[in-house]
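Asker: Residue numbers (the working numbering): 5 to 268.
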Amino acid sequence: MPELPEVQTVINGLNSLVIGKEIQKIIELRSGTLEWQIPITSLGKIESISRRGKYIILQTSLHYKLVIHLRMTGKLIFERDLDKTSSHSRAEIIFADKTKLIFDDVRTFGKIEVMKKNDDIPALKKLGAEPLSDKFNAEYLINKLRNKKAPIKTVLLDQSVIAGLGNIYVAEILYRCKIDPRKAGKTLRTAQIKEIIKYTKVVLQEAIKHNGTTISDYRSVEDKSGEFQNFLNVYGKKTCECGAEIHKIKQAGRSTYFCNICQS
DNA sequence: ATTGCTTCCTGAGCGC
DNA sequence: TGCGCTCAGGAAGCAA
């Protein structure tokens, strides 16, 4: 599932492949995928691409923007042949130079929203700090954890606390910090909170360096798998490096993997 | 205010 | 071979 490193890898790919391309049209192949806030006949060229949390934002020259969320199985695949199709194509952005960007999404939760460049994106207003920014520091997280009775695992998945983490990276971060995912957020010591800050940045940067994690569906814009799955310590694992069994439990409906020897 | 359950959806994997 | 079941999960919406 695309989390921050996968989304960033997609953006890096888009930056080298679609900047400056004129959007001729966008075709919706499955209803509910594409949402037009306003009727638009011409979007213009793709001017810049940015990320906020797990959202991809494409700015166009005629003062519009496309806001894309891949959710669990969404992929943006660049294709030079207009006739090529994809097995679960939900929408296609057709460029004037006869290339296209396919939005492929098995589980159909992903969305593309077209809106005016200066309009607020409601979902973005709720997002917490970018984990790789200076705003994500000990003081910030201490404040956010102050009243959290919920387990730290659940808190770190909350996009209004940190924008961009998902189930895989939260598991890996807590493993590196040696913190039990079941521990209530507000009970963490300052030293532990500092560890979370540190390893969140370390793990995300390492994952970006390896083009993200591919468990099943995730692919880059050039349809390549990531490599960070080869460096996971707990997510989807049966045995810890220490030799102990990795525990798999449910927290707020999500699976959590951890080593109860190393993480206590 | 906080938390966690349910919902959306499809395909993989499993037992029989 | 094929059926039915469970599981995977990001985030919105809702209920406690």
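Yeah, the Cβ is synthetic: ideal placement off N, Cα and C, and Gly gets one too.
DSSP three-state label for V165, please.
Answerer: As a first step, residue 165 must be located in the first sequence, where it is residue number 161. Reduced to three states, the DSSP call for V165 is coil.
Asker: Assuming R56 and L131 form a contact by the criterion Cβ under 8 Å, report the distance between their Cβ atoms to the nearest whole angstrom.
Answerer: In the first sequence, residue 56 corresponds to position 52, counting from 1. In the first sequence, residue 131 corresponds to position 127, counting from 1. Sure, about 6 Å apart at Cβ, within 8 Å.
Asker: Assign V269 to one of three DSSP states: helix, strand, or coil.
Answerer: Examination of residue 269 is not possible in this model, given that the chain is present from 5 through 268 alone.
Asker: So T77 packs on D109, CB below 8 Å; how close in whole Å?
Answerer: For the purposes of this step, residue 77 is identified with residue 73 of the first sequence, where counting begins at 1. For the purposes of this step, residue 109 is identified with residue 105 of the first sequence, where counting begins at 1. The Cβ separation is near 6 Å, so the contact holds.
Asker: When you compare the segment 196 to 205 with the segment 143 to 150, are there three or more beta-carbon pairs, one atom per stretch, that lie closer than 8 Å?
Answerer: yes
Asker: Within 10 angstroms of the Cβ of L38, are there 16 or more other Cβ atoms? Answer buried if so, exposed if not.
Answerer: In the first sequence, counting from the first residue as 1, residue 38 sits at position 34. Classification for L38: buried.
Asker: If you draw a straight line from the alpha carbon of I23 to that of T13, how long is it in whole angstroms?
Answerer: The sequence position of residue 23 within the first sequence is 19, counting from 1. The sequence position of residue 13 within the first sequence is 9, counting from 1. I23 and T13: Cα-Cα distance of roughly 15 Å.
Asker: From the DSSP output, in three-state form, read off Y203 for me.
Answerer: The residue you call residue 203 lines up with position 199 of the first sequence. Y203: helix per DSSP, three-state reduction.
Asker: Helix or strand or just coil, what does DSSP make of S137?
Answerer: By one-based count along the first sequence, residue 137 stands at place 133. Correct three-state label for S137: coil.
Asker: Can you find the residues in the same chain that come closer than 7 Å, C-beta to C-beta, to K69, ignoring five residues on each side of it along the sequence?
Answerer: Locating residue 69 in the first sequence gives position 65, where the first residue counts as 1. Here the set comprises I61, L62, Q63, M119 and K121.
Asker: According to DSSP, simplified to helix, strand and coil, what is F4?
Answerer: Nothing can be reported for residue 4: it is not among the residues displayed for the chain, which extend from 5 to 268.
Asker: Let me know the beta strand (DSSP E) ranges lying completely inside the segment 24 to 70, each 3 residues or longer, listed in chain order.
Answerer: 26 to 32, 38 to 40, 48 to 56 and 59 to 64
Asker: Could you tell me if the beta carbon of T89 falls within a distance shorter than 8 Å of some heavy atom in the ligand FMN?
Answerer: Although the ligand FMN was asked about, the structure shown includes no ligands whatsoever.
Asker: Given this structure, state the Cα-to-Cα distance separating S54 from D227, to the nearest angstrom.
Answerer: Here residue 54 refers to the residue found at position 50 when the first sequence is read from its first residue. Here residue 227 refers to the residue found at position 223 when the first sequence is read from its first residue. Taking the straight line joining both Cα atoms gives about 20 Å.
Asker: Hey, quick one: how far does the beta strand (DSSP E) through E96 stretch, first residue to last?
Answerer: The residue you call residue 96 lines up with position 92 of the first sequence. E96 -> beta strand (DSSP E) spans S93 to F99.
Asker: Please classify R94: is it buried, with 16 or more other beta-carbons within 10 angstroms of its beta-carbon, or exposed?
Answerer: Residue numbering aside, residue 94 sits at position 90 when the first sequence is read from its first letter. With 16 or more other Cβ atoms within 10 Å, it is buried.
Asker: What separation, rounded to the nearest whole angstrom, lies between the Cα atoms of L33 and D138?
Answerer: As a first step, residue 33 is located in the first sequence; it is residue number 29 there, counting from the start. As a first step, residue 138 is located in the first sequence; it is residue number 134 there, counting from the start. C-alpha separation (whole angstroms): 41 Å.
Asker: Name the residue from E117, E83, F113 and Q163 whose alpha carbon lies nearest to the alpha carbon of E134.
Answerer: Working through the first sequence from its first residue, we reach residue 134 at position 130. A check of alpha carbon separations from E134 across E117, E83, F113 and Q163 identifies Q163 as the nearest.
Asker: In its own chain, which residues sit with a C-beta less than 7 Å from the C-beta of G216, not counting the 5 before and 5 after it?
Answerer: Residue 216 sits at position 212 when you count from the first residue of the first sequence. P9, E10, T13, Y222, G230 and F232, listed in sequence order.
Asker: Can you say whether T45 is buried or exposed, counting buried as having 16 or more other CB atoms within 10 angstroms of its CB?
Answerer: Residue mapping note: residue 45 aligns to position 41 of the first sequence, counting from 1. T45 counts as exposed, since fewer than 16 other C-beta atoms from the protein chains shown sit within 10 angstroms of its C-beta.
Asker: Determine the DSSP secondary structure at T194, reduced to helix, strand or coil.
Answerer: As a working mapping, residue 194 is identified with position 190 in the first sequence. Three-state result, T194: helix.
Asker: Return the chain-ordered list of same chain residues with a C-beta closer than 7 Å to the C-beta of V174, the five sequence neighbours on each side being excluded.
Answerer: On the first sequence, residue 174 is found 170 positions in, with the first residue counted as 1. Once the five neighbours on either side are set aside, the close Cβ partners of V174 are K157, L160 and L161.
Asker: Identify, in the order they occur along the chain, each residue of the same chain with its Cβ nearer than 6 Å to the Cβ of I25, setting aside the five sequence neighbours on each side.
Answerer: Along the first sequence, read from residue 1 onward, the residue named residue 25 stands at position 21. Residue 25 is actually Lys in this sequence, not Ile. For K25, where only same-chain residues beyond five positions count, the Cβ hits under 6 Å are I50 and F99.
Asker: Sort G257, A256, V165 and C244 by Cα distance to C263 and report the nearest one.
Answerer: Residue mapping note: residue 263 aligns to position 259 of the first sequence, counting from 1. The shortest Cα separation from C263 among G257, A256, V165 and C244 belongs to C244.
Asker: Suppose the cutoff is 6 Å on Cβ atoms and the five residues either side in sequence are ignored; what does the same chain contact list for I30 look like?
Answerer: Within the first sequence, residue 30 is the residue found at index 26, counting from 1. Close CB contacts of I30 within its chain, under the 6 Å cut and outside five residues either way in sequence, are with I97 (chain order).
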